[in-house]
Amino acid sequence: MPEVNLRHIDKIYDGGVQAVYDFDMDIHDGEFIVLVGPSGCGKSTTLRMVAGLEDITKGQLVIDGKDCTRIPPKDRDIAMVFQNYALYGHMTIYENMAFSLTLRKEKKEIIHRKVMAAAEILDLKTQLNKKPRQLSGGQRQRVAMGRAIVRNPKVFLFDEPLSNLDAQLRGSMRRELMLLHKKLNATIIYVTHDQTEALTLADRIVCMSMGHVQQIGKPIELYEYPANTFVATFIGLPPMNMFEGKIDGNKFVCEHFEYPLTDEQTKLLKDYDGKDIILGVRPENIVRGGSVTFDVENNENLGMNTLVHGKVGGKKIVVCKFAEWCSYKYGDEISIGFEPDRMHFFDVETTQAIR
Amino acid sequence: MLDNLRKRLGLIRDYTSENIIQTDIYRYKRNKLASGLALLGLFINCLYFMLFYGLNYQPYANVLIGLSVLVNLFVLLATFLASEGVKVYNKKYCILLLVVAVIQLARIFIYPLDIMLNGEMLFETQATISVRYFGATLGNVELSVILIIYLALSVACLVASAIIGYVRAVQLEKFNKDLESGEISVDKALAELNAKDEAAASETKVQEV
Numbered sequence: 018m019p020e021v022n023l024r025h026i027d028k029i030y031d032g033g034v035q036a037v038y039d040f041d042m043d044i045h046d047g048e049f050i051v052l053v054g055p056s057g058c059g060k061s062t063t064l065r066m067v068a069g070l071e072d073i074t075k076g077q078l079v080i081d082g083k084d085c086t087r088i089p090p091k092d093r094d095i096a097m098v099f100q101n102y103a104l105y106g107h108m109t110i111y112e113n114m115a116f117s118l119t120l121r122k123e124k125k126e127i128i129h130r131k132v133m134a135a136a137e138i139l140d141l142k143t144q145l146n147k148k149p150r151q152l153s154g155g156q157r158q159r160v161a162m163g164r165a166i167v168r169n170p171k172v173f174l175f176d177e178p179l180s181n182l183d184a185q186l187r188g189s190m191r192r193e194l195m196l197l198h199k200k201l202n203a204t205i206i207y208v209t210h211d212q213t214e215a216l217t218l219a220d221r222i223v224c225m226s227m228g229h230v231q232q233i234g235k236p237i238e239l240y241e242y243p244a245n246t247f248v249a250t251f252i253g254l255p256p257m258n259m260f261e262g263k264i265d266g267n268k269f270v271c272e273h274f275e276y277p278l279t280d281e282q283t284k285l286l287k288d289y290d291g292k293d294i295i296l297g298v299r300p301e302n303i304v305r306g307g308s309v310t311f312d313v314e315n316n317e318n319l320g321m322n323t324l325v326h327g328k329v330g331g332k333k334i335v336v337c338k339f340a341e342w343c344s345y346k347y348g349d350e351i352s353i354g355f356e357p358d359r360m361h362f363f364d365v366e367t368t369q370a371i372r
Numbered sequence: 732m733l734d735n736l737r738k739r740l741g742l743i744r745d746y747t748s749e750n751i752i753q754t755d756i757y758r759y760k761r762n763k764l765a766s767g768l769a770l771l772g773l774f775i776n777c778l779y780f781m782l783f784y785g786l787n788y789q790p791y792a793n794v795l796i797g798l799s800v801l802v803n804l805f806v807l808l809a810t811f812l813a814s815e816g817v818k819v820y821n822k823k824y825c826i827l828l829l830v831v832a833v834i835q836l837a838r839i840f841i842y843p844l845d846i847m848l849n850g851e852m853l854f855e856t857q858a859t860i861s862v863r864y865f866g867a868t869l870g871n872v873e874l875s876v877i878l879i880i881y882l883a884l885s886v887a888c889l890v891a892s893a894i895i896g897y898v899r900a901v902q903l904e905k906f907n908k909d910l911e912s913g914e915i916s917v918d919k920a921l922a923e924l925n926a927k928d929e930a931a932a933s934e935t936k937v938q939e940v
């Protein structure tokens, strides 16, 4: 499997709207890359540029050492799997999977062997004579993947392939995708707005917003060390709690509370003394028994943990995630604190993390 | 000798990996060749009656023409049905195709041959057999030759369709039986072919080095 290099790619549509700004990254051989971000962030546009379905306004796309910037899609040797499967309803599953090879005028025997091998991998052998309408959503998506596999492309592109499936099926398909990636050792670029998919599937995640790449890194890096407030709030469920305030010596002071900083944190933030700053704390890094008063509004027991929603200082909405079963009621007042080594600080002006 | 013929037709085959894969394809793909030939036979029959009914010769305009129309309708319907049947490897429809082929063959000896052999009579009755066909006026001989060619081609297509349909249906039937009994295995055949390919690929590499 080859490398894919996206070099300073811009996409500007005819009306002058810029969808992607300076997308620059190297995707390594056999890597599973997930582009994640909210709707309209440019992730699908980037994928479509790699596929050749959108022109690249500026920059260079190199696949396996070959400049593919202006090469038509059919000559790029890539396969794309769409959200809506894009299967031919009048053809059987076998014919759907064999279609691209038939167009290439491959020998019948070769086509058959490739289709059977893909069907074996995807557990579709018993479905080959059926029509797409006779299959479930998950099976249809597997057929769409099978159609991609038989071509043995250099790169697989997935455009939100699991979005049409229910939650349970999505979970099982995620596992299948992981296994498929291991079996094929393929280079995959995968677009999703679902952070669970991104965190579980990716070797590296590219987090995007408003056409800009916000952070590229391993899932754990994005979760533990978000580069800015966007990544901090986008990755993680429930999102990170953010408090705008000031540094006052060895304290963080905001409208709703004051919080002591450790020596290490004071040292890190010495340039920000007296300046505005954003403190971020993930719900699971909030502990009971601190100096902040928290008014409970509602309690969501999820079995293995509890989400407690409430307010700090009567205004600021905060979500806490406690690792055990809790039974707080509306109006309960509890004291909370933050795990010191899990507190994140961001510059107010640049929104970048302070490290 | 019969066995030899059956072998030549492909009704008896040794199971090599290649043969297994070739026959396994029938399980997933329709018999488009047989079906296509049957439809081609049907289309040629259409050409036949379009030409024949364009004939301006009054003595043929009697009750037998009605029968000819009915035969045509039967041929069209039966051929279409049979084409759908052979498409899904149903060997019964091959018999229907052969029946239609016999009818088409017999039709050569009715009007076309009559037109060819009795064309002389026309001068006695002051009538001439002629038909405008693609800008040319055809006389009795040319007309009958074209009609005979159409019918003969139709017969050839129908017979070929029947034979191909029958051979493939029998092959598939036997294949399915053997597959069920475990005598053959598609997975094994696929694995063998893959191993062969790998061996060939490594040989090529060695040669290159």
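Going line by line, the protein sequences match chains A and B. For the first sequence, this note's numbering assigns the number 18 to the initial residue and increments by one for each residue that follows. For the second sequence, this note's numbering assigns the number 732 to the initial residue and increments by one for each residue that follows. The beta-carbon is built from N, C-alpha and C at its ideal position, and this holds for glycine as well.
Check: I'd like the ranges of any alpha helix (DSSP H) spanning at least 4 consecutive residues and lying wholly in the segment 237–276 of chain A.; Outcome: 246–251
Check: Can a CB atom of chain B be found closer than 8 Å to the CB of A/Tyr-111?; Outcome: yes
Check: What is the DSSP secondary structure of B/Ala-792, counted as helix, strand or coil?; Outcome: coil
Check: Quick one, are the C-beta atoms of A/Leu-218 and A/Val-79 less than 8 Å apart?; Outcome: no
Check: With a 10 Å radius around its C-beta and 16 neighbouring C-beta atoms as the bar for buried, classify B/Phe-854 as buried or exposed.; Outcome: Low confidence applies to B/Phe-854: its pLDDT is 48, below 50, so where it sits in the model is not reliable, and the reading given next is rough at best. Classification for B/Phe-854: exposed.
Check: Around the Cβ of A/Met-225, are there at least 16 other Cβ atoms within 10 angstroms (buried) or fewer (exposed)?; Outcome: buried
Check: Hey, how far is the Cα of A/Gly-320 from the Cα of A/Met-190?; Outcome: 24 Å
Check: DSSP beta-bridge partners for A/Val-14?; Outcome: The structure shown has nothing for residue 14 of chain A, since chain A only spans 18 to 372.
Check: On a Cα-Cα basis, can you pick out the residue from A/Met-133, A/Phe-116, A/Glu-20 that is closest to A/Gly-82?; Outcome: A/Glu-20
Check: Give me the residue from A/Asp-280, A/Lys-268, A/Asn-202, A/Ile-351 with the minimum Cα distance to A/Val-327.; Outcome: The residue you asked about is not Val; residue 327 of chain A is Gly in the sequence shown. For A/Gly-327, the nearest C-alpha among the options comes from A/Ile-351.
Check: Report the neighbours of A/Asn-146 on chain B: residues whose CB is nearer than 7 Å to its CB, in chain order.; Outcome: Tyr-759
Check: Could you check where the beta strand (DSSP E) with A/Leu-324 kicks off and where it finishes?; Outcome: 323–329
Check: Could you check what DSSP says for A/Cys-373 in three-state terms: helix, strand or coil?; Outcome: For residue 373 of chain A there is no data in the structure shown, the boundaries of chain A being 18 and 372.
Check: For the segment 116–139 of chain A, which residues have a CB atom closer than 7 Å to at least one CB atom of chain B, in sequence order?; Outcome: Lys-125, Glu-126, His-129, Arg-130, Met-133
Check: Within a Cβ cutoff of 6 Å, which residues of the same chain sit near A/Lys-131, ignoring the five residues on either side of it in sequence?; Outcome: Val-167
Check: Check B/Phe-854 in the structure and name its three-state DSSP category.; Outcome: Because B/Phe-854 sits at a pLDDT of 48, beneath the cut-off of 50, its placement in the model cannot be relied upon, and the following sentence gives the value as read from the coordinates. In the structure shown, B/Phe-854 sits in a helix (DSSP, three-state: H, G or I).
Check: Can you grab the Cα-Cα spacing for the pair A/Arg-192 / A/Leu-201, in whole Å?; Outcome: 14 Å
Check: Taking the DSSP output, what are the residues bridged to A/Thr-204?; Outcome: A/Val-172
Check: Taking C-alpha atoms, which residue in A/Ala-370, A/Lys-333, A/Asn-315 lies nearest to A/Ser-344?; Outcome: A/Asn-315
Check: If distances are taken between C-alpha atoms only, which option among A/Leu-70, A/Gln-282, A/Pro-255, A/Tyr-207 comes closest to A/Asp-265?; Outcome: A/Gln-282
Check: Closer than 8 Å by C-beta to A/Glu-341: which residues in its own chain qualify, once you throw out the five before and the five after it? Chain order, please.; Outcome: Asn-322, Thr-323
Check: Determine the chain A residues that contact B/Gln-753 at a beta-carbon separation under 7 Å, and present them in chain order.; Outcome: Glu-126
Check: Buried or exposed for A/Gln-156, going by 16 or more other Cβ atoms inside 10 Å?; Outcome: buried
Check: How long is the line joining the alpha carbons of A/Ala-39 and A/Val-270, rounded to whole angstroms?; Outcome: Residue identity check: residue 39 of chain A is Asp in the sequence provided, not Ala. Using only the alpha carbons, I get a separation of about 37 Å.
Check: Classify B/Phe-906 as buried or exposed, calling it buried when 16 or more other Cβ atoms lie within 10 Å of its own Cβ.; Outcome: buried
Check: Quick one: is B/Leu-921 near chain A, going by C-beta distance under 8 Å?; Outcome: yes
Check: Does the segment 795–811 of chain B come into contact with the segment 868–876 of chain B, if we say contact requires no fewer than three beta-carbon pairs (one atom in each stretch) closer than 8 Å?; Outcome: no
Check: Taking the C-alpha atoms as reference points, what is the distance between A/Gln-151 and A/Asn-258?; Outcome: 46 Å
Check: Go through its chain and collect everything with a Cβ distance to A/Ile-110's Cβ below 6 Å, but skip five positions before and after it.; Outcome: Gln-144, Leu-145, Lys-147, Val-160
Check: Report the option in A/Lys-268, A/Cys-85, A/Leu-179 whose CA atom is closest to the CA atom of A/Pro-357.; Outcome: A/Lys-268
Check: Please check if any C-beta of chain A sits within less than 8 Å of the C-beta of B/Phe-854.; Outcome: Residue placement at B/Phe-854 cannot be trusted, given a pLDDT of 48 that sits under 50; what the coordinates show is reported in the next sentence. Answer no: the Cβ-Cβ gap between B/Phe-854 and chain A never drops below 8 Å.
Check: In the segment 104–188 of chain A, which residue ranges form an unbroken alpha helix (DSSP H) of at least 4 residues, counting only runs that do not cross its ends?; Outcome: 110–120, 125–138, 154–166
Check: What is the residue span of the alpha helix (DSSP H) that A/Phe-283 lies within?; Outcome: A small fix is needed here, since residue 283 of chain A is Thr in this sequence, not Phe. That run of the alpha helix (DSSP H) goes 280–285.
Check: Whole angstroms are fine: how far does the CA of A/Asp-349 sit from the CA of A/Pro-260?; Outcome: Correcting the residue type first, residue 260 of chain A is Phe in the shown sequence and not Pro. Answer to the nearest angstrom: the Cα atoms are 22 Å apart.
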